[in-house]
Ligand SMILES: Cc1cc2nc3c(=O)[nH]c(=O)nc-3n(C[C@H](O)[C@H](O)[C@H](O)COP(=O)(O)OP(=O)(O)OC[C@H]3O[C@@H](n4cnc5c(N)ncnc54)[C@H](O)[C@@H]3O)c2cc1C
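In full-length UniProt numbering, the protein residues as written are 1 to 441.
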């Protein structure tokens, strides 16, 4: 029998999960991790799957999309979730872990596995042959970043994330918001939130006094030209925003028949048109402050934020151009990407991407059909987003029900809708696991 081998680069949350999914399917894994020889700026230990910041894997309940994602991972025998369940600490409705116990469990499980060979060294070149999973994370080492840029094309690799917040369409007050493009050009592509002078001044005042998130030492070199945080731009002068992202030219509010004093524009963010980003609102405000301050914008009083704005170092690729939903490169199907580098955001999402890449790399090694998760599942919805999102402003994304296909029934409460989405997802996943014989790949 020929021996199946796969190389995994990076033993973070994604690489550890991918290695586990491969090995449990009988595939021999070469797992490369550069720590402790070399450390990314946010890591401090030599353990695999180190949690670099919070010790929380976020909401536990399946009525929340990240709770559902974890439950799906449990159904697929995830190493990361079994480590979390085995090392959980009290955290109300969240799944939080004893960080050292969590990472030690993962490290020992992988070290003890007879099919996993561990190499504690930095990878600087993607192997020229064989199946490879690149899971080197948001702080990928410099030499590997250059190598990835060669494979993907320079224009498709980002080094930092300057993202504006994203809200759901259904949470907007459409009695205030109007659809239009400036000067009526082309289709009515934007949603516009008009402000009169009084509304603008209240918003402005809240914005310049809001609390900002501290910038980490290693993030200070991030370039902000052409991409300044909205609060920094605002602090240059009271009217600066009115000549920048809030300029009202070419727009008429149908309610008043006049040009507003200022306009916040929202741009469609997913193919389905259920999510919109606030144009020009990349920000470094704390998340709670974003919710408070941006609710001064007419139409956004009760907005649901599926992603807050951020400005931090983050290496990621333009997955909508480069990847298939199997996480293989379109151009080089033997190369997979997994984890935060694919444009998912968060510990759990990164691990889930590792799980998908691991299963599919095993299928490829065994010359079986590769799998695309159903869109109704949290895994499938996330993969659908990162491979079909608009490429122009592609930014890493947390899992949220805003990415799922709509339910066929209309339910009122958010919790009820979440439960219905989760029940549908788990039922479809169960049938799909049996049909595709995922455990036997
Ligand atoms: C500062 C910071 C704080 C964050 N805080 C949170 C948070 O609180 N909650 C949350 O949900 N998400 C957070 N994230 C986002 C993200 O979920 C985590 O970064 C997560 O660890 C990503 O998982 P990953 O497997 O893709 O990458 P990582 O967990 O970073 O794993 C990548 C691994 O690859 C290794 N590596 C890199 N280059 C090479 C190379 N050339 N050769 C060999 N090995 C290499 C690294 O040492 C690392 O072990 C944070 C991100 C950052 C940067």
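Backbone N, C-alpha and C define an ideal beta-carbon position, used for all residues, glycine too.
Shortest alpha-carbon distance to residue 365 belongs to which of 154, 121, 132 and 93? Ranked by Cα distance from residue 365, the first of 154, 121, 132 and 93 is 132.
Within the continuous alpha helix (DSSP H) that includes residue 320, where are the two ends? Element bounds for residue 320: 319 to 322.
Per-residue burial, residue 449 [other beta carbons within 10 Å of its own, 16 or more giving buried]: No statement about residue 449 is possible, as the shown extent of the chain runs from 1 to 441 and does not include it.
Just to confirm my understanding: we take residue 375, look at its own chain, exclude 5 residues before and 5 after, and list those with CB closer than 7 angstroms. What are they? Result list for residue 375: 381, 384 and 405, in chain order.
Enumerate in chain order the residues of its own chain whose CB-to-CB distance from residue 9 is below 8 angstroms, with the five nearest sequence positions on each side excluded. Around residue 9: 15, 32, 123, 126, 132, 133, 134, 135, 136 and 144.
Does the region 187 to 203 come into contact with the region 418 to 429, if we say contact requires no fewer than three beta-carbon pairs (one atom in each stretch) closer than 8 angstroms? No: fewer than three Cβ pairs fall under 8 angstroms.
If I measure Cβ to Cβ from residue 60 and keep anything under 7 angstroms in the same chain, skipping five residues before and after, which residues do I get? Excluding residues within five positions, the ones whose Cβ falls inside 7 angstroms are 67, 93, 94 and 95.
With DSSP collapsed to three states, give me the class of residue 56. Residue state, collapsed to three classes: strand.
Does the Cβ of residue 54 have 16 or more other Cβ atoms within 10 Å, making it buried, or fewer, making it exposed? Exposed, since its Cβ has fewer than 16 Cβ neighbours within 10 Å.
Where DSSP assigns a beta bridge to residue 64, which residues make up the other side? Looking at the DSSP output, residue 64 shares a beta bridge with no other residue.
Can you determine whether any heavy atom of ligand 1 sits closer than 7 angstroms to the C-beta of residue 339, and answer yes or no? Yes; taking the cut-off as 7 angstroms, the Cβ of residue 339 has a heavy atom of ligand 1 nearer than that.
I'd like to confirm the pairing. Which residues does DSSP put opposite residue 194 in its beta bridges? The bridge partners DSSP lists for residue 194 are 263.
Tell me the DSSP secondary structure of residue 328 in three-state form. Residue state, collapsed to three classes: strand.
In or out: residue 86 buried (at least 16 other Cβ within 10 Å) or exposed? In the assembly as shown, residue 86 is an exposed residue. Its beta-carbon has fewer than 16 other beta-carbons within 10 Å.
Give the secondary structure of residue 369 by DSSP, where H, G and I count as helix, E and B as strand, and everything else as coil. In the structure shown, the three-state DSSP call for residue 369 is coil.
Nearest to residue 48 (by Cα), restricted to the options 23, 27, 28 and 79: Residue nearest to residue 48 within the set 23, 27, 28 and 79 is 79 (criterion: CA-CA distance).
Taking the straight line between their C-alpha atoms, what separation do you get for residue 369 and residue 263? The straight-line gap from Cα to Cα measures roughly 50 angstroms.
Using C-beta distances below 7 angstroms, list every residue in its chain close to residue 318, excluding the 5 sequence neighbours before and after it, in chain order. Once the five neighbours on either side are set aside, the close Cβ partners of residue 318 are 156, 391 and 394.
Residues bridged to residue 424 by DSSP? Looking at the DSSP output, residue 424 shares a beta bridge with no other residue.
By a C-beta neighbour count over all protein chains shown, 10 Å radius and 16 as the cutoff for buried, is residue 183 buried or exposed? When all chains shown are included, residue 183 counts as exposed.
Nearest-angstrom Cα distance between residue 297 and residue 164? Rounded to the nearest angstrom, the two C-alpha atoms are 15 angstroms apart.
I need the boundaries of the alpha helix (DSSP H) containing residue 270, first residue and last residue. Here residue 270 belongs to no alpha helix (DSSP H), and DSSP marks it neither H nor E.
Smallest Cα separation from residue 208: which of 236, 304, 261 and 314? Of the candidates 236, 304, 261 and 314, the residue whose Cα lies closest to the Cα of residue 208 is 236.
What does a CB cutoff of less than 8 angstroms around residue 109 pick up in its chain, not counting 5 residues either side in sequence? If we look at residue 109 and ignore the five residues flanking it on each side, its Cβ neighbours are 20, 79 and 83.
Length at least 3, wholly inside the region 145 to 222: the beta strand (DSSP E) runs in chain order: Listed in chain order, they are 157 to 163, 166 to 168, 178 to 180 and 190 to 195.
Cβ of residue 387 versus every heavy atom of ligand 1: is any distance shorter than 7 angstroms? No, the Cβ of residue 387 stays beyond 7 angstroms of every heavy atom of ligand 1.
Complete runs of the beta strand (DSSP E) confined to the region 97 to 128 [at least 3 residues]: Here the runs fully enclosed are 116 to 119.
Please determine, among 27, 44, 151 and 117, the residue with the shortest C-alpha to C-alpha distance to residue 321. Measuring from the Cα of residue 321, the nearest candidate turns out to be 151.
Under 7 angstroms Cβ to Cβ from residue 121, same chain only, skipping five residues before and after it: list those, please. So the qualifying residues of the chain are 32, 34 and 37.
Would you give the residue range spanned by the alpha helix (DSSP H) that residue 31 belongs to? Per DSSP, residue 31 belongs to no alpha helix (DSSP H); it is in the beta strand (DSSP E), 28 to 32.
If you compare alpha carbons, which of 417, 418 and 396 is closest to residue 159? Here the closest residue by C-alpha is 396.
Option in 154, 204 and 311 with minimal Cα separation from residue 214: Ranking 154, 204 and 311 by CA distance to the CA of residue 214 puts 311 first.
Residue 112 classed as buried or exposed, judged by whether at least 16 other C-beta atoms fall within 10 angstroms: Residue 112 is exposed by the Cβ-count criterion.
Is the closest heavy atom of ligand 1 to the C-beta of residue 32 under 7 angstroms? Yes, Cβ of residue 32 sits closer than 7 angstroms to a heavy atom of ligand 1.
Closest to residue 91 by CA distance: which of 355, 100 and 57 is it? Residue 57 is the option with its Cα nearest to residue 91.
Length of the line joining the Cα atoms of residue 46 and residue 229: A straight line joining the alpha-carbon of residue 46 with that of residue 229 spans about 35 angstroms.
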